[in-house]
Amino acid sequence: FNGRLAWGATMVTADSQDIFLERLQRRGDAVCYRYRGECLPLQERQERFSVRGGSEVVKTVRSTVHGPLLEDALSAFEQMPRVPAIPLHTTAGQGLALRWSLADGERGLQGFLAMGRARDMEQARRALTLIDSIYLNILYGDAHHIGWQVTGRFPLRKRGTGHLPSPGWDGIYDWQGYLPFEQKPHVIDPADGFLATANNRTTDASSAHYLSHSWVGPERIERIRQLADGKSDLVVEDMTRMFADTFSLMALRTQRLLFEGALAAQVERVIESWQEGKKSGSARSALSWLHPERFDCDMDAGSAGAAVMGAFHHAFTRRVFLDELGPDDGIEWQAFTAMVLDSYAAPEDHLLVRAQSPFFDDVTTAEEESKAEMVALALADAWQLCRRRLGGDPRQWKWGELHAYRWTHPFTEIFSRLFGFLSRGPVPAGGDLHTVNVAGFHWGRDFDALLIPAMRMVVDFGLPEPAFLITHGGQSGNPASRHYDDMIEPWVAVRNHPLPFRPENERKQYNRELRLSPF
Numbered sequence: 005f006n007g008r009l010a011w012g013a014t015m016v017t018a019d020s021q022d023i024f025l026e027r028l029q030r031r032g033d034a035v036c037y038r039y040r041g042e043c044l045p046l047q048e049r050q051e052r053f054s055v056r057g058g059s060e061v062v063k064t065v066r067s068t069v070h071g072p073l074l075e076d077a078l079s080a081f082e083q084m085p086r087v088p089a090i091p092l093h094t095t096a097g098q099g100l101a102l103r104w105s106l107a108d109g110e111r112g113l114q115g116f117l118a119m120g121r122a123r124d125m126e127q128a129r130r131a132l133t134l135i136d137s138i139y140l141n142i143l144y145g146d147a148h149h150i151g152w153q154v155t156g157r158f159p160l161r162k163r164g165t166g167h168l169p170s171p172g173w174d175g176i177y178d179w180q181g182y183l184p185f186e187q188k189p190h191v192i193d194p195a196d197g198f199l200a201t202a203n204n205r206t207t208d209a210s211s212a213h214y215l216s217h218s219w220v221g222p223e224r225i226e227r228i229r230q231l232a233d234g235k236s237d238l239v240v241e242d243m244t245r246m247f248a249d250t251f252s253l254m255a256l257r258t259q260r261l262l263f264e265g266a267l268a269a270q271v272e273r274v275i276e277s278w279q280e281g282k283k284s285g286s287a288r289s290a291l292s293w294l295h296p297e298r299f300d301c302d303m304d305a306g307s308a309g310a311a312v313m314g315a316f317h318h319a320f321t322r323r324v325f326l327d328e329l330g331p332d333d334g335i336e337w338q339a340f341t342a343m344v345l346d347s348y349a350a351p352e353d354h355l356l357v358r359a360q361s362p363f364f365d366d367v368t369t370a371e372e373e374s375k376a377e378m379v380a381l382a383l384a385d386a387w388q389l390c391r392r393r394l395g396g397d398p399r400q401w402k403w404g405e406l407h408a409y410r411w412t413h414p415f416t417e418i419f420s421r422l423f424g425f426l427s428r429g430p431v432p433a434g435g436d437l438h439t440v441n442v443a444g445f446h447w448g449r450d451f452d453a454l455l456i457p458a459m460r461m462v463v464d465f466g467l468p469e470p471a472f473l474i475t476h477g478g479q480s481g482n483p484a485s486r487h488y489d490d491m492i493e494p495w496v497a498v499r500n501h502p503l504p505f506r507p508e509n510e511r512k513q514y515n516r517e518l519r520l521s522p523f
């Protein structure tokens with residue numbers, strides 16, 4: 005907010021990188037690559053890196069028309085980071101080149117500086133043309149208008165989407181420039197008077213221009229629209245209640261799956277077939293606490309039903325995928341569970357959509373398990389997990405005792421004695437990955453709330469002081485300062501904090517000034 009214009013952003017997670025397979029040939033002491041019937045010499049340049057505490061390091065970067073070759077950099081790894089079981093040695097005579105939009109320049113800082121100076125919507129839109137390599141849904145507005153603009157360079161590919169490495173030698177998968185700014189998704193003053201994004205898919209599958217396949221699920225944006233539906237004049241208090249909302253449409257859809265339709269009946273038959281009383285009793289207990297009459301699908305930090313629901317999502321992920329992708333500390337499992345926070349992921353897809361999948365079979369048993377068996381086993385696992393972690397009385401269970409915010413300073417991983425000085429938490433967390441008050445955790449790994457609102461801001465141009473802003477920690481990087489963590493409590497409670505712009509109000513709120521001057 006700059007006094008005249010307000011803006012915020014969520015990620016587009018655009019597809020801005022492609023890998024090209026190159027055919028390399030040696031000619032005497034040089035190496036060339038095949039491209040459109042010719043063998044072109046590799047381009048070489050020297051990159052100098054200053055290493056702290058050491059001497060300068062010089063590296064030779066070799067490139068094709070598609071970008072730098074990756075072999076030299078990747079040869080330092082026995083295995084590619086976060087990508088399991090792929091040996092790095094390439095077939096003789098082949099190379100991997102990286103085509104990345106950032107290689108064509110970056111003006112993002114200029115764009116954001118221009119946004120800071122913009123006084124109206126037209127100036128803001130001109131500023132947004134400069135944001136090249138940062139892929140954002142920017143919502144912006146002034147006292148009279150609102151707008152949405154997607155930023156960043158989107159490659160125009162001759163063929164394909166770049167999901168897999170593309171042949172580079174014939175040029176048929178080359179990029180043909182970028183999507184013009186005027187054709188990037190944008191809206192000014194929509195008819196319904198409301199705009200929202202939540203890292204969701206903002207263009208449908210029939211769109212003429214491919215942006216990404218890495219959208220998160222639709223639950224958060226759908227809930228935002230539910231809360232705004234039918235309201236023509238949203239004020240600060242409405243937005244604050246929206247920020248605090250922990251109702252989970254994922255929990256609701258899971259609940260319907262468990263109690264309505266064919267799968268619910270199949271799960272019931274599986275539980276009835278179990279001879280082991282403890283296992284069937286655990287599954288039935290979990291179902292009783294997830295029943296609509298007992299659990300309202302609000303992932304409130306104090307809710308027992310929310311604890312069982314969160315434990316079920318965790319247990320279902322482990323039951324379905326861990327036998328193929330484990331062990332827990334292996335790179336495959338760490339990479340797989342990390343994906344849950346990045347986009348609409350396999351655990352959600354297998355729970356809500358897929359009726360058949362090879363992952364439903366437990367490869368450690370002789371039988372071939374079904375989805376219904378995986379769901380039933382996950383219910384039993386979830387109940388036992390809650391008993392171990394939260395005690396024997398489910399009436400005392402609380403989601404926030406499993407699911408917590410932790411502000412962990414990286415130094416404490418090395419100097420554990422500094423934890424109390426540098427780090428904060430645990431603090432009970434409500435919500436989940438699919439709530440407006442987002443608190444995403446790694447399904448199948450742990451319950452730590454990792455994906456959270458970095459800040460909450462409301463701007464109401466109808467007020468003398470329009471802006472309210474709060475961050476999730478504090479405004480000081482000095483742990484000896486009271487401002488190091490003084491916003492944690494109001495942030496957890498979802499309270500507003502004024503951001504005054506008028507000098508007389510600044511003087512009322514602030515009692516000291518830090519002035520930065522150039523040398």
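Taken in order, the sequence shown gives residues 5 to 523; the numbers are from the numbering used here.
Every residue gets a Cβ at the ideal spot worked out from N, C-alpha and C, and that includes glycine.
If you run the structure through DSSP and keep just helix, strand and coil, what is residue 301? By 1-based counting over the sequence shown, the position of residue 301 is 297. DSSP places residue 301 in coil when its eight states are reduced to three.
(message) For the stretch 17-29 against the stretch 167-181, do three or more pairs of beta-carbon atoms, one drawn from each stretch, fall closer than 8 Å, so that the two count as touching?
(response) yes
- Message: If I measure Cβ to Cβ from residue 160 and keep anything under 7 Å in the same chain, skipping five residues before and after, which residues do I get?
- Response: Along the sequence shown, read from residue 1 onward, the residue named residue 160 stands at position 156. Excluding positions up to five away in sequence, the list reads 179, 180, 181, 182 and 183.
Fill in: Candidates 44, 169, 14 and 198: closest to residue 234 by CA position
By 1-based counting over the sequence shown, the position of residue 234 is 230. Looking at the Cα atoms, 198 is the closest of the given residues.
Practice prompt. Taking the CB atoms as reference points, tell me whether residue 356 and residue 291 lie closer together than 8 Å.
Written response: Along the sequence shown, read from residue 1 onward, the residue named residue 356 stands at position 352. Along the sequence shown, read from residue 1 onward, the residue named residue 291 stands at position 287. Not closer than 8 Å, so no.
**Prompt:** From which residue to which residue does the alpha helix (DSSP H) around residue 509 run?
**Reply:** If you number the sequence shown from 1, residue 509 lands on position 505. Segment 507-513, the alpha helix (DSSP H) holding residue 509.
Residue 35 beta carbon less than 8 Å from that of residue 46: Within the sequence shown, residue 46 is the residue found at index 42, counting from 1. Within the sequence shown, residue 35 is the residue found at index 31, counting from 1. Against a cut-off of 8 Å, the Cβ pair of residue 35 and residue 46 comes out as a contact.
Is it right to say residue 418 is buried, meaning 16 or more other beta carbons lie within 10 angstroms of its own, or is it exposed?
Taking the sequence shown and counting its residues from 1, the one referred to as residue 418 is at position 414. Exposed is the call here.
Taking 8 Å as the cut-off, does the stretch 402-413 touch the stretch 435-451 (at least 3 CB pairs, one atom from each stretch)?
yes
Using only the alpha-carbon positions, how far apart do residue 456 and residue 442 sit? Taking the sequence shown and counting its residues from 1, one reaches residue 456 at position 452. Taking the sequence shown and counting its residues from 1, one reaches residue 442 at position 438. Roughly 5 Å between the two C-alpha positions.
(request) Kindly indicate which residue of 467, 492, 177 and 506 has the alpha-carbon position closest to the one of residue 479. (result) Position 475 of the sequence shown holds residue 479. The candidate whose alpha carbon is nearest that of residue 479 is 492.
_Rounded separation between residue 201 and residue 153 - CA only_ = Reading the sequence shown from its first residue, position 197 is the one you call residue 201. Reading the sequence shown from its first residue, position 149 is the one you call residue 153. Going by the C-alpha atoms only, they are around 11 Å apart.
Cα-Cα separation between residue 512 and residue 244, rounded to whole angstroms: The sequence position of residue 512 within the sequence shown is 508, counting from 1. The sequence position of residue 244 within the sequence shown is 240, counting from 1. Their Cα atoms are separated by approximately 24 Å.
Exercise. Nearest CA to the CA of residue 498: which residue from 449, 486, 460 and 206?
Worked result: Translated into positions along the sequence shown, residue 498 becomes position 494. Measuring from the Cα of residue 498, the nearest candidate turns out to be 460.
message = Taking the beta carbon of residue 76 as the centre, do at least 16 other beta carbons fall within 10 Å, making it buried, or is it exposed?
response = To locate residue 76, count along the sequence shown from 1; it is residue 72. With fewer than 16 Cβ atoms within 10 Å of its Cβ, residue 76 is classed as exposed.
Margin query: Rounding to the nearest angstrom, what Cα-Cα distance links residue 370 and residue 19 in this structure?
Written below: If you number the sequence shown from 1, residue 370 lands on position 366. If you number the sequence shown from 1, residue 19 lands on position 15. Answer to the nearest angstrom: the Cα atoms are 41 Å apart.
Q.
Between the stretch 325-340 and the stretch 303-317, can you find at least three pairs of beta-carbon atoms closer than 8 Å?
A. no
Which of the three DSSP states is assigned to residue 65 in this structure? Your numbering for residue 65 matches position 61 in the sequence shown. Residue state, collapsed to three classes: strand.
Whole angstroms are fine: how far does the CA of residue 329 sit from the CA of residue 60? Here residue 60 refers to the residue found at position 56 of the sequence shown. Here residue 329 refers to the residue found at position 325 of the sequence shown. Each residue's Cα considered, the two are about 41 Å apart.
**Prompt:** Helix or strand or just coil, what does DSSP make of residue 491?
**Reply:** Here residue 491 is taken as the residue at index 487 of the sequence shown, counted from 1. Residue 491: coil per DSSP, three-state reduction.
Residue 514 classed as buried or exposed, judged by whether at least 16 other C-beta atoms fall within 10 angstroms:
Residue 514 sits at position 510 when you count from the first residue of the sequence shown. So residue 514 counts as exposed.
key: Limits of the alpha helix (DSSP H) - the one that residue 228 falls within   = Looking up residue 228 in the sequence shown gives position 224. Its alpha helix (DSSP H) spans residues 223-232.
Does the Cβ of residue 396 have 16 or more other Cβ atoms within 10 Å, making it buried, or fewer, making it exposed? In the sequence shown, residue 396 corresponds to position 392, counting from 1. Its Cβ having fewer than 16 others within 10 Å, residue 396 is exposed.
TODO: Output the residue ranges of the alpha helix (DSSP H) runs that lie fully inside the stretch 247-282 and measure 4 residues or longer, sorted by chain position.
DONE: 253-263 and 265-277
Going by alpha carbons, who is nearest to residue 382 out of 53, 225, 288 and 426? Mapped onto the sequence shown, residue 382 falls at position 378. Closest option to residue 382, Cα to Cα, is 288.
| query | Among residues of its own chain, excluding the 5 on either side of residue 213, which ones have a beta-carbon nearer than 7 Å to its beta-carbon? | reply | Mapped onto the sequence shown, residue 213 falls at position 209. Closer than 7 Å at Cβ, skipping near neighbours: 158, 183 and 187.
Check: CA-CA distance, residue 167 and residue 268?
Finding: Against the sequence shown, residue 167 aligns to sequence position 163. Against the sequence shown, residue 268 aligns to sequence position 264. Distance between the alpha carbons of residue 167 and residue 268 is about 36 Å.
Starting from the C-beta of residue 378, find all residues in its chain whose C-beta is less than 7 Å away, skip the five residues before and the five after it, and write them out in chain order.
-> Position 374 of the sequence shown, counted from the start, is the residue given in the question as residue 378. Answer for residue 378: 320, 323, 324 and 364, listed in chain order.
Please determine, among 509, 354 and 227, the residue with the shortest C-alpha to C-alpha distance to residue 247.
Taking the first residue of the sequence shown as position 1, residue 247 is located at position 243. Per the Cα distances, 227.
Notebook entry, point to check: Once you ignore the five residues that flank residue 93 on each side, which residues in its own chain have a CB closer than 7 Å to its CB?
Noted result: As a position in the sequence shown, residue 93 is number 89, starting the count at 1. Confidence is the limiting factor: at residue 93 the pLDDT is only 47, short of 50, which leaves the residue's position unreliable, though a coordinate-based value still follows. Within the same chain, residue 93 has no close Cβ partners at all.
- Sequence-distant residues of the same chain with beta carbon closer than 6 Å to residue 483, five excluded per side: Residue mapping note: residue 483 aligns to position 479 of the sequence shown, counting from 1. Hits under 6 Å: 425 and 426.
Per DSSP, residue 474 is paired with what? Mapped onto the sequence shown, residue 474 falls at position 470. In DSSP, residue 474 forms a bridge with 460.
Who are residue 101's beta bridge partners in DSSP?
-> The residue given as residue 101 occupies position 97 in the sequence shown. According to DSSP, which records beta bridges pairwise, residue 101 is partnered with 24 and 73.
**Enclosing beta strand (DSSP E) for residue 433 [first to last residue]** = Taking the sequence shown and counting its residues from 1, one reaches residue 433 at position 429. Residue 433 -> no beta strand (DSSP E), and no H or E assigned at all.
Exercise for the section: Enumerate in chain order the residues of its own chain whose CB-to-CB distance from residue 131 is below 7 Å, with the five nearest sequence positions on each side excluded. Expected result: For the purposes of this step, residue 131 is identified with residue 127 of the sequence shown, where counting begins at 1. Correct list, in chain order: 115, 118, 119 and 122.
Give the range of the alpha helix (DSSP H) segment to which residue 317 is assigned.
For the purposes of this step, residue 317 is taken as the residue at position 313 of the sequence shown. It spans 308-329 - the alpha helix (DSSP H) in which residue 317 sits, taken as one unbroken run.
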